[in-house]
Amino acid sequence: MRFITAGESHGPVLTTIIEGLPAGMPLNINEINEALAKRQEGYGRGNRMKIETDKVEVTSGVRHGKTLGSPVTFSVVNKDYKNWQSVMSAEPIEEELSKKSRVVHRPRPGHADLVGGIKYHHKDLRNVLERSSARETTMRVAIGAVASQLLSALGVEVVAYVCELGGIKGQVDVSEMSLAEIRDRANQSPVKMVDAEKEQQVKDKIDETKKAGNTLGGVVEVIAEGLPIGLGSYTQWDKKIDARLAKAMVSINAFKGVEFGDGFEVGRRYGSEVMDEIAYNAELGFYRLSNHLGGIEGGMTNGMPVIVRGVKKPIPTLYRPLQSVDIYSKEEYQASIERSDTTAVPAASIIAQAVVATELTQAILEKFPNDSFDELQQAVANYREYSKNPDMWLEEE
Numbered sequence: 004m005r006f007i008t009a010g011e012s013h014g015p016v017l018t019t020i021i022e023g024l025p026a027g028m029p030l031n032i033n034e035i036n037e038a039l040a041k042r043q044e045g046y047g048r049g050n051r052m053k054i055e056t057d058k059v060e061v062t063s064g065v066r067h068g069k070t071l072g073s074p075v076t077f078s079v080v081n082k083d084y085k086n087w088q089s090v091m092s093a094e095p096i097e098e099e100l101s102k103k104s105r106v107v108h109r110p111r112p113g114h115a116d117l118v119g120g121i122k123y124h125h126k127d128l129r130n131v132l133e134r135s136s137a138r139e140t141t142m143r144v145a146i147g148a149v150a151s152q153l154l155s156a157l158g159v160e161v162v163a164y165v166c167e168l169g170g171i172k173g174q175v176d177v178s179e180m181s182l183a184e185i186r187d188r189a190n191q192s193p194v195k196m197v198d199a200e201k202e203q204q205v206k207d208k209i210d211e212t213k214k215a216g217n218t219l220g221g222v223v224e225v226i227a228e229g230l231p232i233g234l235g236s237y238t239q240w241d242k243k244i245d246a247r248l249a250k251a252m253v254s255i256n257a258f259k260g261v262e263f264g265d266g267f268e269v270g271r272r273y274g275s276e277v278m279d280e281i282a283y284n285a286e287l288g289f290y291r292l293s294n295h296l297g298g299i300e301g302g303m304t305n306g307m308p309v310i311v312r313g314v315k316k317p318i319p320t321l322y323r324p325l326q327s328v329d330i331y332s333k334e335e336y337q338a339s340i341e342r343s344d345t346t347a348v349p350a351a352s353i354i355a356q357a358v359v360a361t362e363l364t365q366a367i368l369e370k371f372p373n374d375s376f377d378e379l380q381q382a383v384a385n386y387r388e389y390s391k392n393p394d395m396w397l398e399e400e
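If you want the numbering used here, it's the position in the sequence shown, counting the first as 1, plus 3.
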């Protein structure tokens, strides 16, 4: 499975084309729209989210609620485009209108503005920020919602939540909770945290930060359960599932780091404290007595829950902007201000869940035959039986 996204933040539509989905896969459009709605939620979001009500329009690859095996195309209309039609016009505009086209020439520190302008020879930095905007993640959430439906039908569930926001860490041990309970708590929380006792503290921090014209970052965690053993590969560096998941996570706007399982903490412990001992029984097959490594060994899933965390930096658009330089006059100015959020960490948890689900789906479709959805389901079921029965893969040919 592969995909491409297109569209600008204030352009008419956002679009994606997904290629490689098996034929005959049931697709619930309402579930895709529910995921898009969750992306727009979260305490600390800006006024843009009050304008947009993201819903996908399916224009190819689906008929009567099932995929056809051909490319699937989604689009989402930007309602705010009506206020930006001259600014974002695909046609040349008159000189008088051009003066009102919200030209950006004071790049924002921490954003793509300046580097993108230099790289692509843009004289108006709006040409950079329109595509580099996190608005693009709308389509990746839609793709992830499709992937989540495929995974769920194969017995795989993926959830995400905020474990830290603005330096305030949740204290609840989620390892003692079911994924359904984690999902329910996160969905009920305006900041997508599982620790309800920390919610008000986080909301107060967001309010204080907004008044100060500043922004906040945080950490999100994604957990995937029910994965087949052996997704990914040790045979090449770029086939390792943790490498692929790390790439997917840091491809999200403003994500600056990633860790698996106990993460960087394993570097402070002895080897005997972080390796997950192996056990076996006939019902489960091979399993681990702990999960310090986050469900991945040698670049492959080992059957334990995959646990991955990503850190999101504070949003670089500040209402009390930092110093910048006008690219034309070369004089020091405060950076440009675009409409923005105080924090988008709650939304980032939804995006992170989507990109992890997408990457895991791609790995599954690479491993198993999948011209049709029935074929895929049968192949995964057969492999699950095989992988927990050593006699099946140790027998001599």
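We put the beta carbon where it would ideally sit given N, CA and C, even for glycine.
All figures in this text were calculated on a predicted structure; none of them were measured in a lab.
Extent of the continuous beta strand (DSSP E) to which Thr18 belongs: 16-22
Backbone CA spacing between Lys82 and Asp57 [nearest angstrom]: 9 Å
Residue interval of the alpha helix (DSSP H) (run including Gln88): Careful: Gln88 lies outside any alpha helix (DSSP H) and carries neither H nor E.
Opposing strand residues paired with Tyr336 [DSSP bridges]: Ser327
Status (buried if at least 16 other CB within 10 Å, exposed otherwise) for His124: By the neighbour-count definition (other C-beta atoms within 10 Å, threshold 16), His124 is an exposed residue.
Gly113: first and last residue of the uninterrupted beta strand (DSSP E) it sits in: Gly113 -> no beta strand (DSSP E), and no H or E assigned at all.
Integer Cβ distance of Ala338 from Arg111, believed to fall under 8 Å: 4 Å
Simplified DSSP assignment, three categories, for Met307: coil
Secondary structure, beta strand (DSSP E): runs of 3+ residues fully inside the stretch 24-75: 59-63
Limits of the unbroken beta strand (DSSP E) element including Arg105: Here Arg105 belongs to no beta strand (DSSP E), and DSSP marks it neither H nor E.
Residue(s) in a DSSP beta bridge with Met196: Val165
Where the beta strand (DSSP E) containing Asn284 begins and where it ends: Annotation for Asn284: the continuous beta strand (DSSP E) segment containing it runs 281-284.
Nearest to Gln239 (by Cα), restricted to the options Glu179, Gly301, Ile340, Ile121: Gly301
Short Cβ contact (7 Å threshold) for Leu292 with Ala285: no
For Phe371, three-class secondary structure by DSSP: It is coil, neither helix nor strand.
According to DSSP, residues forming a beta bridge with Phe258: Lys315
Contacts around Glu262, its chain only, beta-carbon distance under 7 Å, and the 5 residues preceding and following it disregarded: Take Glu262, set aside five residues on each side of it, and the residues of its chain with a beta-carbon closer than 7 Å to its own are Arg312, in chain order.
Contact check, Thr320 vs Ile146, beta carbons under 7 Å: Contact: no.
Backbone CA spacing between Tyr322 and Thr212 [nearest angstrom]: 11 Å
Where the beta strand (DSSP E) through Glu224 begins and ends: 221-228 is the span of the beta strand (DSSP E), which, as asked, contains Glu224.
Segment contact, 8 Å Cβ cut-off, at least three pairs: the stretch 162-177 with the stretch 233-251: With the cut-off at 8 Å, the stretch 162-177 and the stretch 233-251 do not touch.
CA nearest to the CA of Lys370, picked from Ser332, Gly297, Pro231: Pro231
Opposing strand residues paired with Phe77 [DSSP bridges]: Thr19, Val61
Counterpart residues of Ala9 in DSSP-defined beta bridges: Thr18
Neighbourhood of Leu296 by C-beta, 6 Å cutoff - its chain only, sequence neighbours within 5 removed: Gly264, Asp279
Cβ contact (3+ pairs, closer than 8 Å) linking the stretch 177-193 and the stretch 151-164: yes
Ala351 beta carbon less than 7 Å from that of Val205: no
Beta-carbon contacts of Gly23 that lie in its chain and below 7 Å, excluding the five residues immediately before and after: Met4, Arg5, Leu368
Boundaries (first-last residue) of the alpha helix (DSSP H) holding Tyr389: Run containing Tyr389: 376-390, per the alpha helix (DSSP H) assignment.
Alpha-carbon spacing of Gly45 relative to Met395, whole angstroms: 49 Å
Cβ neighbours of Thr361 in the same chain (closer than 6 Å, five flanking residues each side left out): These residues qualify, in order along the chain: Ile146, Gly147, Ala150.
Pick from Asn33, Ile299, Asn31, Gly14 that is closest to Asn86, judged by C-alpha positions: Gly14
Backbone CA spacing between Arg42 and Asn190 [nearest angstrom]: 11 Å
CA nearest to the CA of Ala357, picked from Lys333, Val253, Ala115, Ile299: Comparing Cα positions, the closest option is Val253.
Ser406 and Glu55 closer than 7 Å at C-beta: Limits of the chain in this structure are 4 at one end and 400 at the other, which puts residue 406 out of reach.
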